[in-house]
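A.B. asks:
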Amino acid sequence: WVPVDRGGIKVMSIQFLLENEGDAVVWRGPKKDQCIKQFLGNVEWGNLDVLVIDTPPGTSDEHITLCEVLQPTPNTTSVIVTTPQDVATDAVRKELTFCKKLSLPILGLIENMSGFVCPHCADCTPIFSSGGGSRLANEHSIPFLGTVPIDPRLSQAEDQGVHFTKAYPESKTAEAISSILQKVLPALK
């Protein structure tokens with residue numbers, strides 16, 4: 409399989425392999441585990457600086473398979489993302505203990521959807537709450553990498569295939585993403 413290249417970023421998704429865009433993937437654990445192994449071993453990634461694997465929250469068989477397959481790979485680490493609400497941080501707390509039980513290093517934690525940036529005045533309002541991510545990072549003695557507020561332009565840029573931080577470098581969200589990347593990228597070298 410050959411990944412899709414979007415501006416120098418190689419992307420692979422089950423979505424690319426479906427016959428119809430609206431098809432659901434109805435697989436049990438063993439089939440999903442096999443797909444994960446194939447994505448890691450059979451996709452023609454070429455030389456990569458970094459391989460980012462975005463998974464849904466959880467501590468499932470798929471997460472265990474990823475950890476097992478990537479275990480021999482040097483510099484394997486995790487970046488954990490939460491939203492600020494208690495219900496989210498409660499779920500992410502389990503992911504943190506999962507990483508520790510599997511000896512998967514945690515580079516740090518990000519609080520996503522940390523406020524809403526008004527498209528008219530640029531004020532940031534904490535619509536869900538705030539601080540849950542930093543409290544959780546503190547509780548688990550891991551680095552807090554920063555907060556990323558909601559900006560409606562981000563989802564619009566994603567839908568249009570536009571590089572958000574280049575299109576809106578002055579936005580609070582772009583500044584937050586850039587700040588987090590300045591902390592993450594050096595740690596990956």
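Numbers given in our numbering equal positions in the sequence shown, counted from 1, plus 408.
Ideal Cβ positions, reconstructed from N, Cα and C, are used throughout, including at glycine.
Bear in mind that the values here come from a model prediction, so they are computed numbers and not experimental data.
Is it true that the CB of Ile550 sits closer than 8 Å to the CB of Gly516?
C.D. replies: As a working mapping, residue 516 is identified with position 108 in the sequence shown. As a working mapping, residue 550 is identified with position 142 in the sequence shown. Yes, they are a contact pair.
A.B. asks: Return the first residue and the last residue of the alpha helix (DSSP H) that Ile588 is part of.
C.D. replies: In the sequence shown, counting from the first residue as 1, residue 588 sits at position 180. Taken as a continuous stretch (DSSP letters only), the alpha helix (DSSP H) holding Ile588 covers 580-595.
A.B. asks: Taking the straight line between their C-alpha atoms, what separation do you get for Arg436 and Glu470?
C.D. replies: Taking the first residue of the sequence shown as position 1, residue 436 is located at position 28. Taking the first residue of the sequence shown as position 1, residue 470 is located at position 62. Each residue's Cα considered, the two are about 10 Å apart.
A.B. asks: Going along the chain, which residues of its own chain have a beta-carbon closer than 6 Å to the beta-carbon of Ser512, five neighbours each way excluded?
C.D. replies: Here residue 512 corresponds to residue number 104 of the sequence shown, with the count starting at 1. Here the sequence assigns Leu to residue 512, which means Ser is not the residue at that position. Excluding sequence neighbours, Leu512 sits near Cys475, Ser486.
A.B. asks: Could you check the C-alpha separation between Met420 and Val412 for me, to the nearest Å?
C.D. replies: For the purposes of this step, residue 420 is identified with residue 12 of the sequence shown, where counting begins at 1. For the purposes of this step, residue 412 is identified with residue 4 of the sequence shown, where counting begins at 1. If you take the alpha carbons of Met420 and Val412, they lie about 6 Å apart.
A.B. asks: From Ser627 to Gln564, what distance separates their C-alpha atoms?
C.D. replies: Within the shown structure, residues of the chain are numbered from 409 to 597, placing residue 627 beyond reach of any answer.
A.B. asks: Out of Arg414, Thr484, Phe424, point me to the one whose CA is closest to Leu510's CA.
C.D. replies: Counting from one through the sequence shown, the residue named residue 510 turns up at place 102. Of the listed residues, the one whose Cα sits closest to Leu510 is Thr484.
A.B. asks: Hey, Pro527 and Pro577 are a contact pair by Cβ (cut 8 Å); roughly how many whole angstroms apart?
C.D. replies: Locating residue 527 in the sequence shown gives position 119, counting from the first residue. Locating residue 577 in the sequence shown gives position 169, counting from the first residue. Not quite, the Cβ-Cβ distance comes to about 16 Å (not below 8 Å), so this is no contact.
A.B. asks: List the whole-angstrom C-beta distance separating Phe524 from Gly541, where the pair is believed to meet the contact cut-off of C-beta under 8 Å.
C.D. replies: Position 116 of the sequence shown, counted from the start, is the residue given in the question as residue 524. Position 133 of the sequence shown, counted from the start, is the residue given in the question as residue 541. Incorrect: roughly 16 Å between the Cβ atoms, too far for contact.
A.B. asks: Taking Asp413 as part of the beta strand (DSSP E), name the residues at either end of that continuous run.
C.D. replies: For this step, residue 413 is matched to residue 5 along the sequence shown. Looking at the DSSP string, the run of the beta strand (DSSP E) that includes Asp413 is 412-414.
A.B. asks: In three-state terms, what does DSSP make of Pro513?
C.D. replies: Taking the first residue of the sequence shown as 1, we reach residue 513 at position 105. In the structure shown, Pro513 sits in coil (DSSP, three-state: anything other than H, G, I, E or B).
A.B. asks: If you drop the 5 nearest sequence neighbours on each side, which residues of the same chain put their C-beta closer than 6 Å to that of Lys440?
C.D. replies: What you label residue 440 is simply residue 32 of the sequence shown in a count that begins at 1. Cβ within range, chain order: Glu470.
A.B. asks: DSSP has Ser486 in a bridge; who is on the other side?
C.D. replies: One-based indexing of the sequence shown puts residue 486 at position 78. According to DSSP, which records beta bridges pairwise, Ser486 is partnered with Ile514.
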